Amino acid sequence: MASRQQIPKIYNLEQIEKVVARKDFQNRLMEAIRDGFRSYSKGEFNACPIQTMGAPPMAPFVSNVENYAAQTCVKSGYVTGASSYVVKVASGGHPHQNSGLMQVYSQATGKLEALLLDEGILTELRTAAAGAVAASMFAPRRIEQIGLLGSGIQARYQLRFLTQVTPCRRVLVSGRTLSKTKDFAVEMSREGWSFEYTDDPDELLRSCDLIVTTTSAREPVLGKNTAGRKKSQHITCIGADAPGKMELDLKLVCEADLLVADCLMQTQERGEYEMAIRDGLVQVNHVKEIGSLVDKKELQRTTLYDERLTIFDSSGVAIQDCIIASMTFDALKNKG
């Protein structure tokens, strides 16, 4: 008997890039991610457990590779009452190149409707949009310099989305390899950014109002020496998206006046607060889910005189993948 499953729509990277590169798409994405976080915290999203392969405690994909950081992450879920559910597979980390795809299924029929062969770009975009949402809520109202820890692909997208949040274009960057960091700066300077370099990550704490961390570190890189840290400061942490990863020293986490995460459940097993919670230095109920704060202006930073240290830890929530996959599929369909 012949299968009734129709061949799904298949879109390649070139087709996807044309629709997501539009400024209106990126503006709508940021607002949709903000709304998605709110929906998640209200219990309107159904998330499956995250699968992480190739990273501890699992065996690596390849052996005898210096600075090995490869992993493949599978996230899936759906909004109650929406038209689709999404399964996302994303791979990356040395020695692998970023790759991945998103699968869009119909909630009504359970059938695969579209394959988005995005090679990881949709994950980069939705992650950067989340960083911009956090900055819009918690970053100081006057930003004179942005600090970047890391100079990879996500650092590029974080800066691009921050243009929707602040007019600041001065960046102090600290990267593991100076030559790659300089290449990054040359590329991004063509987009209007000006750069300074430092080999001391803690200089970011002393000099920058908004800091974004995007490394794959498994030991603390930022916050070993917090002396002289600026009083009014926000840190968005992107890199610690799997168990055992961490970019911030525990002392810096404990100094924060407000700890925010994208998902309270995930923050106990991965991310910047994982070890602090495990060691009893931070109580889970002291961490706030960003979606629960979207409508609480009193906990956001709204004045020039707010001198809190705020930290947002993003380990990535599947609702972000559902949002950007649905938006991209709709845009591709409407394009014909």
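Position 102 of the sequence shown, counted from 1, bears residue number 113 in the working numbering, the numbering being contiguous throughout.
Ideal Cβ positions, reconstructed from N, Cα and C, are used throughout, including at glycine.
Note that this is a predicted model, so its numbers are computed, not measured.
Next on the checklist: Below 8 Å, how does it come out for the region 99-112 and the region 64-84: are there three or more Cβ pairs, yes or no?
Outcome noted: When C-beta atoms of the region 99-112 are compared with those of the region 64-84, three or more pairs fall below 8 Å, so the two segments count as touching.
Buried versus exposed, by CB contacts within 10 Å (16 or more), isoleucine 18:
Exposed, by the Cβ-count rule.
(request) Mind checking who glutamate 207 pairs with in its DSSP beta bridge? (result) Bridge partners of glutamate 207: Leu183.
* Are the beta-carbon atoms of threonine 120 and valine 100 separated by less than 9 Å? -> No. Outside cutoff.
| said: One question on the structure: do threonine 91 and glutamine 331 come within less than 9 Å of each other, judged by their Cβ atoms? | reply: Not in contact: threonine 91 and glutamine 331 (Cβ atoms no closer than 9 Å).
On the premise that glycine 131 lies in contact with serine 162, defined as a C-beta separation below 8 Å, what is that separation, rounded to the nearest angstrom? Contact flag wrong, Cβ pair sits at about 17 Å.
Bounding residues of the alpha helix (DSSP H) (the contiguous stretch that carries valine 264)
Start and end: 261-266.
message: Nearest by alpha-carbon distance to alanine 253: which of Val264, Asp306 and Arg281 is it?
response: In terms of CA proximity to alanine 253, Arg281 leads the group Val264, Asp306 and Arg281.
List the residues that DSSP assigns as beta-bridge partners of lysine 20.
Partner residues in the beta bridge of lysine 20, as assigned by DSSP, are Ala125.
inquiry  = Let's test the definition: count the other Cβ atoms within 10 Å of the Cβ of methionine 12 and tell me whether it reaches 16, buried, or not, exposed.
reply    = Here methionine 12 scores only 47 on pLDDT, less than 50, and its place in the model should not be relied on; the value that follows carries that caveat. With fewer than 16 Cβ atoms within 10 Å of its Cβ, methionine 12 is classed as exposed.
- Do asparagine 38 and leucine 128 have their CB atoms nearer than 9 Å? Remark: C-beta atoms of asparagine 38 and leucine 128 do not approach each other more closely than 9 Å.
### Task
Give me whichever residues DSSP pairs with phenylalanine 56 in a beta bridge.
Beta bridge pairing from DSSP links phenylalanine 56 with Val90.
Original post:
Alpha carbon to alpha carbon, how far is proline 178 from glycine 203?
Top reply: About 11 Å.
Name the two residues that bound the continuous alpha helix (DSSP H) containing threonine 278.
Start and end: 275-278.
Taking DSSP's pairing of strands, which residues face glycine 239 in a bridge? Among the bridge pairs identified by DSSP, glycine 239 is matched with none.
Hey, how far is the Cα of leucine 310 from the Cα of isoleucine 21? A straight-line Cα-Cα distance of about 43 Å links leucine 310 and isoleucine 21.
Report task. Assign cysteine 265 to buried or exposed, taking buried as 16 or more other Cβ atoms, counted over all protein chains shown, within 10 Å of its Cβ. Result -> Flag for cysteine 265 reads exposed.
List the residues that DSSP assigns as beta-bridge partners of lysine 299.
The partner list for lysine 299 (beta bridge, DSSP) reads Val271.
Tell me which residue opens and which closes the alpha helix (DSSP H) that serine 117 is part of.
Where serine 117 is concerned, there is no enclosing alpha helix (DSSP H), although the beta strand (DSSP E) it sits in stretches over 110-117.
### Task
Give the DSSP-derived three-state secondary structure of serine 50 in the structure shown.
In this structure, serine 50 counts as helix in the three-state DSSP scheme.
**Asked** Going straight from the alpha carbon of lysine 86 to that of glutamate 318, what length do you get?
**Response** If you take the alpha carbons of lysine 86 and glutamate 318, they lie about 36 Å apart.
Note to self: Taking 9 Å as the threshold (C-beta atoms), are leucine 261 and isoleucine 322 in contact?
What the structure shows: Between isoleucine 322 and leucine 261, the C-beta gap is not smaller than 9 Å, which leaves the two residues out of contact.
Requested in this report: Could you pull out every residue in the same chain whose Cβ sits closer than 6 Å to the Cβ of arginine 240, ignoring the five residues on either side in sequence?
Outcome: These residues qualify, in order along the chain: Leu216.
Among all the DSSP beta bridges, which residues are the ones paired with aspartate 324?
Note: aspartate 324 sits in a beta bridge opposite Cys248 and Ala272.
| Taking the Cβ atom as the reference point for each residue, do alanine 66 and cysteine 274 lie within a distance shorter than 9 Å? | Going by beta carbons, alanine 66 and cysteine 274 fall outside the 9 Å limit.
Taking one C-beta from the region 142-155 and one from the region 234-249 each time, how about it: are there three or more such pairs within less than 8 Å?
With the cut-off at 8 Å, the region 142-155 and the region 234-249 touch.
Margin query: DSSP three-state label for lysine 307, please.
Written below: Here lysine 307 sits in coil by DSSP.
- Message: By DSSP's criteria, arginine 101 is part of a beta bridge. Which residues make up the other side?
- Response: In the sequence under discussion, the amino acid at residue 101 is alanine, which differs from the arginine named in the question. Cys84 and Gly111, per the DSSP bridge assignment.
Q. Are the CB atoms of tyrosine 51 and valine 295 nearer to each other than 9 Å?
A. No, the Cβ-Cβ distance between tyrosine 51 and valine 295 is not below 9 Å.
ask   = When burial is assigned at 16 or more other CB atoms within 10 Å of the CB, is tyrosine 89 buried or exposed?
value = Taking a 10 Å sphere around the C-beta of tyrosine 89, we find 16 or more other C-beta atoms and assign the residue as buried.
Query raised in the report: Just curious, the alpha helix (DSSP H) that isoleucine 154 is in, first and last residue?
Result: Segment: none, isoleucine 154 is in no alpha helix (DSSP H) and carries neither H nor E.
DSSP three-state label for glutamine 175, please. If DSSP states are grouped into helix, strand and coil, glutamine 175 belongs with coil.
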